[in-house]
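Counting from 1087, one number per residue, gives the positions in the sequence shown under the numbering used here.
Reviewing the structure listed below.
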Amino acid sequence: MTFLSTNPRHSALNTHKAINVKAKYRVGGDDVFIAYATKKIRVTFEYGPKPGMITIRNCGYHDECERGM
């Protein structure tokens, strides 16, 4: 979570955009992102609700986390 809060694009997180998912908050655009906490654990997030903030949407095992977006 430290990498995510200080540098969401850190290479260790392998952050990438989720496909066909729209953000609730439009602060950083309408994209939702997926980051790797570990090889098996994923975190989905978006920017907002205020500038400079990140909202965690889901956290869990790969399939469960991405299915719950």
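Even for Gly, the Cβ is constructed at its ideal location relative to N, Cα and C.
The continuous beta strand (DSSP E) containing THR1130 extends over residues 1127 to 1133.
Between VAL1113 and LYS1136, the CB-CB gap stays under 9 Å. Under DSSP, THR1141 takes part in a beta bridge, and its partners are GLU1132.
Restricting attention to ALA1123, LYS1108, ASP1149, the CA atom closest to the CA of ASP1116 is found in LYS1108. Setting aside the 5 residues that flank it on each side, CYS1151 is surrounded in the same chain by ARG1128, THR1130, ASN1144, CYS1145, each with a C-beta closer than 7 Å to its C-beta; the list follows chain order.
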